[in-house]
Amino acid sequence: MDKNSYLSLFTVHRSLFTFYCIVIAFFLVFGLTAPSHGRVYIDIDSPTIQKFPLAIADFKNLGKNPDKDKLGTWFSDALGKALQVTGFFTIIQRNAFLEDPNQAGITTDSIRFSDWTGIGAESLIKGGFQVNGKELIAEFRLFDVIQGKLISGKKYTGKAGDRKDMVLKFASEVLLQLTGEKGVFDTRIAFAGKKGQISEIYTINFDGSELSRITNFRSLTLLPRWSPDSREMTFTSYRDGNPDLYLLDTSSRRARKISGFSGLNLAAPWSPDGTKILMTLSKDGHQEIYVMDFREGRARRLTHNYSINISPTWSPDGKRIAFVSDRSGSPQIYVMDADGENQRRLTYQGNYNTSPSWSPKGKRIAFEGMVGGSFQILAMDEDGGNVVQLTTERSRNESPSWSPDGRYIAFASKKNGRHRLCVMNANGSNVRILHEGMEGYDNTSWSSRSNLY
Amino acid sequence: MKRNLVVFSLIVVVLGLGLILTVGCAKKVVKETAEEKTATVQKEAAAAAQPAETEEQRLAREKAMKEAAMKEAALKEEQERERALAAQKEKEAAAAAIAAAFADLRFDFDKFDLKPEARETLKKAAAYMLAGKDVTVVIEGNCDERGTVEYNLALGEKRALSAMKFLVDLGVDKGRIKTISYGKERPLDPGHTEEAWAKNRRDHFVVTEK
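Line by line, the protein sequences give chains A and B.
Positions in the first sequence are counted from 1; adding 728 to them yields the numbering used here.
Positions in the second sequence are counted from 1; adding 14 to them yields the numbering used here.
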């Protein structure tokens, strides 16, 4: 890469809108000595992770038209909110700022970095925008204020309505630069939302926006499970009186029944390559785990046991399956090879461990366990060691599901009769309520990235 | 020629009408006469059997007749009410018999084995089903709110299957029994106390008479 300047141009096509994203050609006064994301500023895997202090200056109006929509503060607020949600940053309040916004610019040579290090910031985001009729151009720049240099700059051109996408796109870039991996702003969390005797499948964005009901079965409908490309989903519904398994096309929202044996037909995760699904059937009078290959269209039984065998989850490489069985007399988590061989028990603490969810980034399995009468989310290594309790509030915390980057866990919580859908960071910090007010949230399932941001 | 035709037509019409009138009147006369005669005969007969009654007597007689009719209607109504009540009682007794024979079965936390009380209830249920009563049952397995949706769906199914197996072992045809699990999704008591949980860990029977 040219040390002094670079320019690249690419186009992002998407169903909602199309906007052009231009990586700005910056003349770097201080020069970029390292590749753009060679250094990880925040090691999120560190057990003692501290929140990273970040300042976001109000955006400058670079155009000739007056800022009648107050976009200057809108951009900084929206970006602050998006980054706050990640749990990795402390956003420094603007009333602490020392910089005179009328004097300072948005380029490296027009920023006095001591104004920012003086208030404890380690990174700074500045930006500008211009509105020309219906067109909106926005520039975003991320600075390392300690070294006094630009880390990344982007320029987006689109319509005024695209501005939230611009913000999320840059927030994702900030994460890529500072943590080594882009954000999950383009993911959705599916769950079963309860109302009276029925439940329906809903989805909601990572930041808690855009709640959407995607089934209208008017019956008990449970256990949504995204396909790896998020285009399809399996779930279980009592619509026809029996808990049957359905396959739903998430764009057309058309569903068809794919398993309707008498007894339970419970939806379980898709294999990482999307060719197979796991499920629990009880057609033979006991609950057994099956794998169905879509190409064969035939279910193959993996467990052979008169006790309960349920809630399977794949390892990220698809070679192993963790699941729940009460074969020892209480529900515990077991693991087996993908062909059902080598079944062995993983959990030995407590007498109620269920709902395993294998981190897509590898070696940890989150689960739900009864700890002193309350239900908590815990995580352990894939061999059952190193068990850590992640939630601590004396409430009912259930149904953990990992984000595709392995950095967050969604779960359902109930405290003092109030139900909530929550997300926390993988170490149990930064618990955030995504939604509350329904009569129950269950069976969270986190979509893959849609590569919007 | 034309004029003659018109005159002829008129004559025919007039004659025709005359004929119809004559026949009609004749019939009427005959009828009236017959009615008068009947009336006269009846009056005479009555006069011969009884002395002419006074206005008061006539009113009293009419009142008595009315009262008798009312009494009869009331009696009929009463009988019908009694019949309905008996049918209702019979129905209630049948329902009570079903309720007594098919009481909810309770379970311990995370358990699906039948307690002694549950076995006694199931014996009554089997006796009822084997006594020639043409009923089918759906056994609904339920759990309390604690724990996972999926595990509780399995546990609820185990609870329903335990009861089914017991009934089948007592000789009830398996074809008359269905099971379904609602897991923890349909609590009987929405409370969060041990008392509420105990009520919710249950097998519930839905009995259908053929």
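Heads up, the beta-carbon is just placed ideally off N, CA and C, and yes, glycines get one too.
Because the structure is a prediction, the values reported are computed rather than measured.
Contacting residues, own chain, Cβ-Cβ under 6 Å from residue i (five flanking each side not counted)
i	result
Ala210/B	Asp203
Ile784/A	Ser804, Leu807, Gly808, Ile853
Gln1117/A	Gln1104, Leu1106
Tyr1181/A	Leu896, Lys897, Ser900, Phe913, Asp914
Lys80/B	none
Lys1047/A	Ala1066
Val813/A	Asp935
Rounded C-alpha distance that separates residue i from residue j
i	j	result
Asn789/A	Gln858/A	6 Å
Gly1127/A	Leu1030/A	First, the amino acid is wrong: residue 1127/A is Ser here, not Gly. Between Ser1127/A and Leu1030/A, the C-alpha separation is close to 23 Å.
Leu782/A	Phe963/A	41 Å
Glu76/B	Glu70/B	10 Å
Gln778/A	Phe816/A	8 Å
Ser940/A	Ile932/A	6 Å
Gly1002/A	Pro829/A	51 Å
Thr68/B	Ala83/B	23 Å
Ala139/B	Val163/B	29 Å
Pro956/A	Pro1000/A	6 Å
Asp935/A	Asn1155/A	19 Å
Arg967/A	Phe116/B	26 Å
Glu1069/A	Gln875/A	55 Å
Ala920/A	Phe868/A	38 Å
Glu145/B	Ser1175/A	The sequence shown places Ala at residue 145/B, rather than the Glu named in the question. Going by the C-alpha atoms only, they are around 56 Å apart.
Phe1139/A	Arg916/A	13 Å
Phe1022/A	Phe989/A	17 Å
Ser1129/A	Pro1044/A	13 Å
Gly791/A	Ala832/A	17 Å
Arg1148/A	Lys1142/A	6 Å
Ile865/A	Tyr884/A	6 Å
Asn1037/A	Ile1017/A	6 Å
Neighbourhood of residue i by C-beta distance below 8 Å, restricted to the same chain and skipping five residues each side
i	result
Ile1093/A	Thr1041, Ala1050, Ile1061, Leu1074, Pro1084, Ser1085, Trp1086, Ser1087, Ala1107, Met1108, Asp1109, Glu1110
Leu136/B	Leu119, Leu128, Ala177, Phe180, Leu181, Leu184
Arg190/B	Met143, Val149, Thr150, Val151
Val43/B	With a pLDDT of only 44 at Val43/B, under the threshold of 50, the placement of this residue in the model should not be trusted; the figure read from the coordinates follows. Same-chain partners within the cutoff: there are none.
Val768/A	Leu906, Thr907, Gly908
Per-residue contacts from residue i into chain B (C-beta, under 8 Å)
i	result
Leu992/A	Leu167, Ala168, Glu171, Ser195
Phe919/A	Correct list: empty, because the minimum Cβ distance to chain B is about 11 Å.
Phe1103/A	Arg160, Gly161
Val1019/A	Here the premise fails: no neighbours, minimum Cβ distance about 17 Å.
Where residue i meets chain A, residues with beta-carbon distance less than 8 Å
i	result
His218/B	Near His218/B there are no residues of chain A at all, since even the closest Cβ is about 14 Å away, more than 8 Å.
Leu181/B	Neighbours of Leu181/B on chain A: none; closest Cβ ~14 Å, over 8 Å.
Classification of residue i by the beta-carbon crowding that lies within 10 angstroms, buried from 16 upward
i	result
Thr222/B	exposed
Arg1072/A	exposed
Asn156/B	buried
Asp1067/A	exposed
Arg215/B	buried
Asn993/A	buried
Val124/B	For clarity, residue 124/B is Asp in the given sequence; the question names Val instead. Asp124/B should be labelled buried.
Arg953/A	buried
Val220/B	exposed
Pro201/B	buried
Glu1096/A	buried
Beta-carbon contacts of residue i that lie in its chain and below 7 Å, excluding the five residues immediately before and after
i	result
Val1159/A	Cys1150, Met1152
Ile986/A	Leu973, Tyr974, Leu975
Ser880/A	Ser764, Leu870, Glu901, Gln905
Tyr1034/A	His1014
Leu167/B	Ser195, Gly197
Thr801/A	Asp786
Residue i: contacting residues in chain B (beta-carbon distance under 9 Å)
i	result
Leu1149/A	Result: empty, since nearest Cβ-Cβ is about 14 Å, beyond 9 Å.
Tyr1076/A	Ordered by position in chain B, no residue passes the 9 Å Cβ test against Tyr1076/A, which lies about 17 Å from the chain.
Chain-ordered chain B contacts of residue i [CB-CB under 7 Å]
i	result
Asn1171/A	Val163
Glu1096/A	Thr162
Ile1038/A	Glu164, Tyr165, Ala168
Neighbour list for residue i in chain A, Cβ cutoff strictly below 7 Å
i	result
Leu175/B	Gly1013
Glu199/B	Leu948
Asp203/B	By Cβ distance, chain A contributes nothing, its closest Cβ being about 14 Å from Asp203/B, past 7 Å.
Closer than 9 Å at the beta carbon, the chain A residues around residue i
i	result
Thr127/B	Thr is not the amino acid found at residue 127/B; the sequence shown has Asp there. Near Asp127/B there are no residues of chain A at all, since even the closest Cβ is about 11 Å away, more than 9 Å.
Practice prompt. For the segment 1080-1161 of chain A, list the beta strand (DSSP E) runs that are entirely contained and at least 3 residues long, ordered along the chain.
Written response: Within the segment 1080-1161 of chain A, the complete beta strand (DSSP E) runs of at least 3 residues are 1081-1086, 1092-1099, 1102-1109, 1124-1130, 1136-1143, 1146-1153.
Worksheet item: At which residue ranges does the segment 782-820 of chain A contain complete alpha helix (DSSP H) runs of 4 or more residues, listed in the order of the chain?
Response: Listed in chain order, the complete alpha helix (DSSP H) runs (minimum 4 residues) inside the segment 782-820 of chain A are 799-814.
Worksheet entry | Entirely enclosed beta strand (DSSP E) segments - the segment 133-164 of chain B, minimum 3 residues | Counting whole runs of 3 or more residues, the segment 133-164 of chain B contains the beta strand (DSSP E) stretches 149-156.
Discussion item. In chain order, what are the residue ranges of uninterrupted beta strand (DSSP E) at least 3 long that sit wholly in the segment 970-1040 of chain A?
Written reply: Segments of the beta strand (DSSP E) lying fully in the segment 970-1040 of chain A: 972-977, 983-987, 993-998, 1004-1009, 1016-1021, 1026-1029.
Fill in: Ranges of the alpha helix (DSSP H) found wholly within the segment 886-949 of chain A, counting only runs of at least 4
Those alpha helix (DSSP H) runs which fall completely within the segment 886-949 of chain A and span 4+ residues are 891-907.
Worksheet item: What are the uninterrupted segments assigned as beta strand (DSSP E) that are 3 or more residues long and contained completely in the segment 826-873 of chain A, given in chain order?
Response: Those beta strand (DSSP E) runs which fall completely within the segment 826-873 of chain A and span 3+ residues are 851-860, 863-872.
Worksheet item: Taking only runs of the beta strand (DSSP E) that begin and end inside the segment 170-209 of chain B, which ones reach a length of at least 3 residues, in chain order?
Response: Counting whole runs of 3 or more residues, the segment 170-209 of chain B contains the beta strand (DSSP E) stretches 191-197.
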